[in-house]
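First to last, the sequence lines map onto chains A and B. UniProt numbering puts the first residue of the first sequence at 1, with every later residue one more than the last. UniProt numbering puts the first residue of the second sequence at 1, with every later residue one more than the last. Taking it in order: structure first as structure tokens, then the write-up.
There are 2 protein chains.
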Amino acid sequence: MAARREPVSRRDRPAKDPLSRAVVVAAAVRVMRAEGLERVTMRRLAGELDTGPASLYVYVDNMAELHGAVLDELLAELDFSGTDLVELLSRYTQVLFEYPSLARSVLTLRPSGANYLRLIDAVLGLLDASGVPVSRAAWGVDLLLQHATATAAEHGTRSESGLHDASVQEAALVAMDADRYPHVAGVGDLLWSGSGEQRLRWGFAVLIAGIAATAVP
Amino acid sequence: MAARREPVSRRDRPAKDPLSRAVVVAAAVRVMRAEGLERVTMRRLAGELDTGPASLYVYVDNMAELHGAVLDELLAELDFSGTDLVELLSRYTQVLFEYPSLARSVLTLRPSGANYLRLIDAVLGLLDASGVPVSRAAWGVDLLLQHATATAAEHGTRSESGLHDASVQEAALVAMDADRYPHVAGVGDLLWSGSGEQRLRWGFAVLIAGIAATAVP
DNA sequence: ACCTGAACACCGTTCAAGT
DNA sequence: ACCTGAACACCGTTCAAGT
């Protein structure tokens, strides 16, 4: 056991971190890394910071806004150097894959943090560099990031919750009913083929090709 | 006031609907239509059906699974006749737009109901009819439905929660900092231009063009 | 003016005990 | 065997009342 400086009562504990937005967000990131986003509750954070849940509302608007701040914190570590577009998007997706619940939350958030803007800027830059007209790039960046986020939200939750092994098997059997679902039966196993990684990257390729080829109205 | 047949006590009320999966799902749909998915709680449904929340678990596995059943119920009304691909996908999106929280839930669900399979089958058929190779169609259907669902989840929640008018304005100003975000500043208002409908349809067009052009690995 | 204790109004899910 | 009352273990957010 490490020596404690002094045993102090809760009442006169000395100068712990004073509360601030940064301290609240840092605590949220810490708890999420250690125990998952589900454990990041206002009450838990308050406990962590020796105060009551109401006090947190001085620094964050609500849970959704806090999730946005947590995302931006995570994106600070994103490496932008020496990447092509698919690689950068894959790195972004990898970050979210580790926290699928955060991805789910982000999907309904329109993030606006500094690091998210930096990511948008980099994606725009790479689209521009490959000759995509700015109008298509401007709308396309949304599509690309949405694909990344939705895939992370979808994937992660499915491996989290233990559903779908028996039930996917069962659905697959029903789907093969050639009378009711002729086209599904026709494509067969292809519907569920490929790894998550392969399908993610194919999705990016599809989007990039489509964005380059499709004029905005 | 309509005449009541007879005043009955709770104890000996006559033959109300006996509980069944269909009755539980129907109650969920009814409450969602009237008051939104947020009000569809196990306790509320139980109250509606004169029982306790525990009884519902005889008929549904959990909330997520119930949401899947509700989606499939909604899709029963989807009109498949005389549509091209973009039109069909738009109709599906319209259904989800009315219940953004359901869309959010569906995103992490891999729906497997009969009506969802019917939709997948129709999309596969239309892709096939337009000459897309089956391997690309098989992976592409996921991309198309994910775009629809994610857009509904995103859009709806944003107009539900009153965020983002002042805060989007503010983010837009920050983003125009040409030193920090040169490419964002370069594209300017294009980033936020267009109606939801326009961007949704453009997204479908992008995906369809990309799917047709991109081989699976 | 700034902060927070306590309350408001709820949740999903489980399980022992009934019938 | 089937069903359920009651409990377990929590939530986010608000606001009156303190300092």
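We put the beta carbon where it would ideally sit given N, CA and C, even for glycine. A quick note: this is a predicted structure, and the numbers were derived from the prediction, not measured.
Phe-97 (chain A) counts as buried, since no fewer than 16 other beta carbons sit within 10 angstroms of its beta carbon.
Pro-100 (chain A) sits in a helix when the DSSP states are folded into three classes. The shortest C-alpha to C-alpha distance from Leu-190 (chain A) to any of B:Ala-209, B:Ala-138, B:Gly-186 and B:Leu-173 is the one to B:Ala-138. Using a CB distance below 7 Å, the part of the stretch 93–108 of chain B facing chain A consists of Arg-104, Leu-107 and Thr-108, ordered along the chain. Contact of Asp-128 (chain B) with chain A by beta-carbon distance below 7 Å involves His-183. Shown here, Glu-87 (chain B) sits in a helix according to DSSP, grouped into three states. Between the stretch 45–62 of chain B and the stretch 82–99 of chain B, the count of C-beta pairs closer than 8 Å stays below three; the two stretches do not touch. Here Asp-72 (chain A) is near Tyr-116 (chain A), since their CB atoms are less than 7 Å apart. Within the stretch 110–139 of chain B, no complete beta strand (DSSP E) segment of 3 residues or longer occurs.
Scanning the stretch 171–198 of chain B for uninterrupted alpha helix (DSSP H) segments of 4 residues or longer gives 182–187, listed from N- to C-terminal end.
In the structure shown, Gly-36 (chain B) adopts coil according to DSSP, grouped into three states.
At the C-beta level, Ala-205 (chain B) and Gln-146 (chain A) stay beyond 7 Å of one another.
With respect to the 7 Å criterion, Leu-109 (chain A) and Gly-68 (chain A) are classified as neighbours on the basis of their beta carbons.
Of all residues in the stretch 42–58 of chain A, none has a C-beta nearer than 9 Å to a C-beta of chain B. Within its own chain, the residues whose Cβ lies closer than 7 Å to the Cβ of Arg-43 (chain B), once the five positions on either side in sequence are excluded, are Pro-53, listed in chain order. For Arg-21 (chain B), no chain A residue has a C-beta closer than 9 Å to its own C-beta; the minimum C-beta separation is roughly 15 Å.
Runs of the beta strand (DSSP E) spanning 3 or more residues and lying entirely within the UniProt domain "HTH tetR-type" (18–78) of chain B do not occur at all. Between Asp-142 (chain A) and Ala-152 (chain B), the alpha-carbon positions lie close to 14 Å from each other. For Leu-107 (chain A), the secondary structure class from DSSP, reduced to helix, strand or coil, is coil. Contact residues of the stretch 133–154 of chain A toward chain B are Val-134, Ser-135, Arg-136, Ala-137, Ala-138, Trp-139, Gly-140, Val-141, Asp-142, Leu-143, Gln-146, His-147, Thr-149, Ala-150, Thr-151, Ala-153 and Glu-154 (C-beta to C-beta distance below 9 Å). Here the C-alpha atom of Gly-203 (chain B) lies approximately 26 Å from the C-alpha atom of Leu-173 (chain B). Nearest to Leu-88 (chain A) by alpha-carbon distance, out of A:Ile-120, A:Ala-212, A:Glu-65 and A:Val-40, is A:Ile-120.
Taking Leu-207 (chain B) as the centre and dropping the five residues before and after it, the same chain places the C-beta of Gly-140, Leu-143, Leu-144 and His-147 closer than 8 Å to its C-beta, in chain order. Against Gly-125 (chain A), the close residues of chain B are Pro-182 and His-183, in the order they occur along the chain (beta-carbon pairs closer than 8 Å). The residues His-67, in chain order, have a CB closer than 6 Å to that of Ser-105 (chain B) in the same chain once the five nearest residues on each side in sequence are set aside.
Taking the beta carbon of Leu-88 (chain B) as reference, no residue of chain A falls within 9 Å; the closest one sits roughly 13 Å away. Think of a sphere of 8 Å around the beta carbon of Thr-214 (chain A): the chain B residues whose beta carbon falls inside it are Trp-202, Ala-205, Val-206 and Ala-209, in chain order. Beyond the five residues adjoining it in sequence on each side, Asp-177 (chain A) comes within less than 7 Å, by CB distance, of Ala-185 in the same chain, given in chain order.
Inclusion of Arg-39 (chain A) and Val-29 (chain A) in the CB contact set at 7 Å is not warranted, their separation being larger than that value. One alpha carbon belongs to Glu-197 (chain B), the other to Pro-18 (chain B), and they sit about 43 Å apart.
The Cβ atoms of Glu-48 (chain A) and Ala-64 (chain A) do not sit closer than 7 Å to each other.
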